[in-house]
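Visitor:
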Amino acid sequence: MKKTTERATRRLTARRRVGAGIGGLVLAATSLTGVVGTGTGGAAVVGHGHGGSVPARCTPSLAAGTQEVPVRYDGATYQVRVHVPAAAASRGHRAPASPTGLVLDLHGSGADGAAQAGISGFDALSDAKGFVVAEPTAAIALNGGFAWNVPGVPTTAGQLPPAGARDDVAFLSAVASQLGGKACVDRDRVYATGYSGGARMASALACERADQFAAVGTVAGLRAGRPSPIDTSVPDVADCRPSRPVPVIEFHGDADYTNPYQGSTDLRWGYTVPVAVQTWARLDGCRVGPSSTVVSEHVTRFAYSRCDGGADVELYRVSGGGHTWPGTSADQSENGIVTHEISASALLWEFFAAHPRR
Numbered sequence: 001m002k003k004t005t006e007r008a009t010r011r012l013t014a015r016r017r018v019g020a021g022i023g024g025l026v027l028a029a030t031s032l033t034g035v036v037g038t039g040t041g042g043a044a045v046v047g048h049g050h051g052g053s054v055p056a057r058c059t060p061s062l063a064a065g066t067q068e069v070p071v072r073y074d075g076a077t078y079q080v081r082v083h084v085p086a087a088a089a090s091r092g093h094r095a096p097a098s099p100t101g102l103v104l105d106l107h108g109s110g111a112d113g114a115a116q117a118g119i120s121g122f123d124a125l126s127d128a129k130g131f132v133v134a135e136p137t138a139a140i141a142l143n144g145g146f147a148w149n150v151p152g153v154p155t156t157a158g159q160l161p162p163a164g165a166r167d168d169v170a171f172l173s174a175v176a177s178q179l180g181g182k183a184c185v186d187r188d189r190v191y192a193t194g195y196s197g198g199a200r201m202a203s204a205l206a207c208e209r210a211d212q213f214a215a216v217g218t219v220a221g222l223r224a225g226r227p228s229p230i231d232t233s234v235p236d237v238a239d240c241r242p243s244r245p246v247p248v249i250e251f252h253g254d255a256d257y258t259n260p261y262q263g264s265t266d267l268r269w270g271y272t273v274p275v276a277v278q279t280w281a282r283l284d285g286c287r288v289g290p291s292s293t294v295v296s297e298h299v300t301r302f303a304y305s306r307c308d309g310g311a312d313v314e315l316y317r318v319s320g321g322g323h324t325w326p327g328t329s330a331d332q333s334e335n336g337i338v339t340h341e342i343s344a345s346a347l348l349w350e351f352f353a354a355h356p357r358r
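Take 1 as the starting number for the sequence shown in the UniProt record's numbering and just add one per residue.
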């Protein structure tokens, strides 16, 4: 059996444990056709909406650079890897101010936060663009690393998370809230991304925490709720009901054998990538699309537009691409072709920056 990239990432870092279908809609399964924090001291917040939501007075409490930051959740403390650019660390501002964004970057199954940092390379982009990036670690032990508790679906080990497993939707919400306060983050510029199992986890945040995460971007793992237990070729319509339209962007290789572009019968994965994208386009009320653009020799972009609240939906399909992160400098060769025709990380931030919460 082909090794997954999630296992391959274990070579990037030593493992560290942390503390204690859509109703009435027929979806094409193989093609894209038709639209289907507060600051230190609890400072008051001024402004909201497209103009931003930042503390009236806030002094960042995190130093510049990479560090482990404690996050309290459900009576336990978890160390979260965080990278803070110098511009954000030195900012003591009075609103309105140049906004600081926060990106949660979620690792794949069998990996951890440090491994994901090596894949996405967000630290350098954080320094260049001025946003804070956090790579928390999941809590379910798997293959020498960890797996997320994605609601309602098995892990890659084929088993549902054990009883009492950490609620990772609630945990990641706490991570975003606590780090946002410490870094004086604009509450309208909090985003989630992830790779493989982390992408499925980020998708769950889009479904369940749309009030907190402005936009979500995924690599090799976009979902729109769990697959229907009755028919895995479509999503369970009751499993993804976001409270607001969520801008979504996905990158996926059509030769991905771990999370197949054309779907599988696995309750962990199920319906195709085009169905996931179409479902988000419908959830977001998109009225135009998909329009297709040839980006490079092996990359095509499919875009839905005129969506409610400006919640655009995009897919970058990599022809021949494997279960890999486009543009990464990490060795993911065991999982197929890695395209360097685009940089998923750069395009993710570009998409996020254009889509604050509205």
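Ideal Cβ positions, reconstructed from N, Cα and C, are used throughout, including at glycine. Computed from a prediction, not measured in an experiment: that's the story for all the values here.
What are the uninterrupted segments assigned as beta strand (DSSP E) that are 3 or more residues long and contained completely in the region 231 to 297, given in chain order?
Guide: For the region 231 to 297, whole beta strand (DSSP E) runs of length 3 or above, ordered along the chain, are 248 to 253, 288 to 294.
Visitor: Which value, in whole angstroms, describes the spacing of the CA atoms of Pro229 and Leu160?
Guide: Taking the straight line from one Cα to the other gives about 14 Å.
Visitor: For Thr156 and His107, what's the separation of their Cα atoms in angstroms?
Guide: The straight-line gap from Cα to Cα measures roughly 13 Å.
Visitor: Kindly indicate which three-state DSSP category Glu341 falls into: helix, strand or coil?
Guide: Glu341 falls in the coil class under three-state DSSP.
Visitor: Does the structure place the region 164 to 176 close enough to the region 110 to 125 that three or more beta carbon pairs sit under 8 Å?
Guide: The region 110 to 125 is not in contact with the region 164 to 176.
Visitor: According to the neighbour-count rule (16 or more other Cβ atoms, all chains shown, within 10 Å of its Cβ), is Thr279 buried or exposed?
Guide: Buried is the call here.
Visitor: Report the rounded CA-to-CA distance for Thr272 versus Ser264, giving the unit in angstroms.
Guide: So the two alpha carbons sit approximately 7 Å from each other.
Visitor: Out of Leu348, Thr232, Gly285, Gly322, state which residue places its alpha-carbon closest to the alpha-carbon of Asp266.
Guide: It is Thr232.
Visitor: First and last residue of the alpha helix (DSSP H) that includes Val113?
Guide: Here the sequence assigns Gly to residue 113, which means Val is not the residue at that position. Taken as a continuous stretch (DSSP letters only), the alpha helix (DSSP H) holding Gly113 covers 113 to 120.
Visitor: Going by beta carbon distance, what residues of the same chain come within less than 6 Å of Val133, once the five residues before and after it are set aside?
Guide: The residues are His83, Val103, Asp105, Phe122, Ser126.
Visitor: Could you spell out where the beta strand (DSSP E) holding Phe302 opens and where it closes?
Guide: Note, Phe302: beta strand (DSSP E), 299 to 305.
Visitor: Pull up the distance between the alpha-carbon of Ser177 and that of Phe351, whole angstroms please.
Guide: Cα to Cα, Ser177 sits roughly 22 Å from Phe351.
Visitor: Helix, strand or coil: how does DSSP classify Arg72 here?
Guide: Three-state result, Arg72: strand.
Visitor: Quick check: the Cα distance between Ala303 and Glu314, rounded to an integer number of angstroms?
Guide: In a straight line, the C-alpha of Ala303 is about 4 Å away from that of Glu314.
Visitor: Considering Phe171, what are the terminal residues of the beta strand (DSSP E) in which it resides?
Guide: First-last for Phe171: 168 to 182, but that is the alpha helix (DSSP H), not the beta strand (DSSP E).
Visitor: Shortest alpha-carbon distance to Val101 belongs to which of Gln67, Ala215, Asp284, Ser343?
Guide: The displayed chain sequence assigns Gly, not Val, to residue 101. For the residues Gln67, Ala215, Asp284, Ser343, the minimum Cα distance to Gly101 belongs to Ala215.
Visitor: Does the beta-carbon of Arg287 have 16 or more other beta-carbons within 10 angstroms, so that it is buried, or is it exposed?
Guide: Under this definition Arg287 is an exposed residue.
Visitor: Taking the CB atoms as reference points, tell me whether Pro247 and Ala199 lie closer together than 8 Å.
Guide: The answer is no: Cβ separation not under 8 Å.
Visitor: Tell me the rounded alpha-carbon separation between Gly164 and Pro151.
Guide: Their Cα atoms are separated by approximately 13 Å.
Visitor: Of all the beta strand (DSSP E) runs that stay within the bounds of the region 307 to 358, which reach a length of 3 or more residues?
Guide: The region 307 to 358 contains these whole beta strand (DSSP E) runs: 313 to 318.
Visitor: Tell me the rounded alpha-carbon separation between Phe131 and Gly270.
Guide: So the two alpha carbons sit approximately 34 Å from each other.
Visitor: Going by other Cβ atoms of all chains shown within 10 Å of its Cβ, with 16 needed for buried, is Thr38 buried or exposed?
Guide: Summary for Thr38: the model assigns pLDDT 37, below 50, so the residue's position carries little reliability; its value from the coordinates is reported in the next sentence. That one is buried.
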